[in-house]
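Here's the structure, in structure tokens; my notes come after.
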Amino acid sequence: MPSNNGPLKNLSGQEGEAWFGPRGALPNLVLVSMDAVGAGHLSLYSYDRPTTPYLQELARKGLVFNQAIANSCWTLPSHASLLTGRDPFGHGASFRYSRLREGLPTLAQIVKMKGYATAAFVSAPYLMARYGLNRGFDTYNDRMPVKEKRTAAEVNQAAWAWLKDHHQRPFFIFLHYFDAHTPYLPPKPFQDLYDTAYTGEMTGETFANGEQVMKEGGQLSEADRRHLVALYDGAITYEDEQIGLFLKKLSSLGHSEDTLVVITADHGEAFGEHGFYLHGHGLYEELIKIPLILFDPQGRGAGRTLSHQVSLADILPTLCDFMGLAIPEGSQGKSQLPYLRDAVPAEDPVYLYVDRFPMLIKKYGPRFDQDLWALRTETWKYIFSSTGRQELYHLKEDPGEKINLAEHLPQQSAYFHQELQTAIGETDRSFKEPKPWFSSLFSQKKP
Ligand SMILES: [Zn+2]
């Protein structure tokens, strides 16, 4: 077993209550990330299409989080939060082509130190090993087809081949599904599940990466828009089935009673709610509200729902706590286990960030030429753009974020602006390196 030094030296917190299952104190861990799957499209969260029958079944035995927030709206920073327990101001993998900061312990490293076999099967270019999220995985399978997407069934198949040889000792397996990401091409019969009366020409291929709607003023007919949503929902339904199949197979290996399972997503997807499509360029609710379910075979949280705000950064400390492992010092997330007992949620804000993507600016114009920071509480969301624009929404009265209150409530806006500055001021240097745009947040005049 590796010694407790080097990048893991800050793993010095107190270990919690040990986990006791059929195999002693070490449960297996299965973590599934559904790329680009927003909570609003899951029947688990009352969506009107039956997109997630399997997750609903799992929810009856597991713990559901009703207000889970992604710390960014694109793949790399959100997964970095998931795997490190840090927000984008704290983990370094916050910019296009940036890399996870050295020295931050990852979930894979933490369990590997306990003797786990660790493996990841990922399907997106921004999760390739070069970005640093492979740290701690014995096997990091980022081999994806150049032209076609890797399907959830293919991810499962690769994971299954690995698992057959590694399940005799405790394991951590990370599955990343990409089917709900553009282009929306769910396999049959999932491409035909919804919107069956549609007679137009729109397909996942013709929409591809949304070129027709990304330019200012680009539009879709409502029928075409609805059809894209139907294809996307079909892909979610497909992933739901694949999660069910994977866990059923796991059960056939005898691991239904000794495996913790977490299902979540890295961000959502926009379908014109605020004039945008896709993701990676905004911090509205459709882009950041994600599913989160935790199944603990010991029954903690079984059939329960927690409705306070949590974020991807809370998952690592929560899993450590459930597994009886020390939570790394410096974790920005919090274990949610105490809230299953008698702890009262503290209404901690969640901090979000998305940087500008030069390729989008070049292809689609200046409306993408901005970085966005946001602070979200259960009641408020404050968004600040590097262009100086501010947005403030009362989420309880205006969950669709239609009424910008920033000018009407300047003191509230100024307060949140200050909080954002403070949060960034406490982060590591990689975030604060001078960048042409960066001074905009700090030079902002008090609103
Ligand atoms: Zn993603």
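Following our numbering, the numbering of the sequence shown begins with 1 at its first residue and continues without gaps. By construction, the Cβ of each residue, glycine as well, lies at the ideal position given by its N, Cα and C atoms.
Rounded to the nearest angstrom, the gap between the Cα atoms of residue 91 and residue 373 is 15 Å. With a 10 Å radius around the Cβ and a threshold of 16 neighbouring Cβ atoms, residue 156 comes out buried.
Setting aside the 5 residues that flank it on each side, residue 282 is surrounded in the same chain by 73, 270, 274, 276, 354 and 372, each with a C-beta closer than 8 Å to its C-beta; the list follows chain order. Annotated three-state conformation of residue 407 is coil, per DSSP.
The shortest C-alpha to C-alpha distance from residue 102 to any of 132, 86 and 85 is the one to 132. For residue 209, DSSP assigns no beta-bridge partner whatsoever. Ligand 1 never approaches residue 180 closely enough for any of its heavy atoms to be under 6 Å from the residue's Cβ.
In the DSSP secondary-structure assignment, residue 25 is not bridged to any residue.
Residue 113 and residue 120 have their C-alpha atoms some 16 Å from each other.
With respect to residue 36, residue 180 sits close: the two C-beta atoms are nearer than 7 Å.
The alpha-carbon separation between residue 217 and residue 367 amounts to approximately 11 Å.
Cβ-Cβ distances below 6 Å link residue 405 to 392 in the same chain, with the five nearest sequence neighbours on each side left out; the list follows chain order. For residue 111, the uninterrupted alpha helix (DSSP H) segment begins and ends at 107 to 112. Of all alpha-carbon atoms in 322, 417 and 294, the one lying nearest the alpha-carbon of residue 58 is that of 294. Distances taken from the Cβ of residue 36 to the heavy atoms of ligand 1 include one shorter than 6 Å. A check of alpha carbon separations from residue 108 across 258, 89, 192 and 316 identifies 316 as the nearest.
The beta carbon of residue 169 lies closer than 6 Å to those of 117 in the same chain, with the five residues before and after it left out. Nearest neighbour of residue 65 by Cα position, chosen from 394, 125, 324 and 318, turns out to be 318.
Counting the other CB atoms within 10 Å of its CB gives residue 239 a total of 16 or more, which places it among the buried residues. The beta carbon of residue 223 sits closer than 6 Å to those of 200, all from its chain and outside the five residues before and after it, given in chain order.
Closest in alpha carbon position to residue 115, among 176, 26, 75 and 144, is 26. Under DSSP, no beta-bridge partner is assigned to residue 164. Ligand 1 never approaches residue 118 closely enough for any of its heavy atoms to be under 6 Å from the residue's Cβ. Each residue's CA atom was taken as its position, placing residue 104 and residue 93 some 11 Å apart. DSSP places residue 248 in the helix class (H, G or I) of the three-state scheme. When secondary structure is reduced to three states using DSSP, residue 129 falls in the helix class. Contact annotation: residue 193 and residue 234 have beta-carbon atoms nearer than 7 Å.
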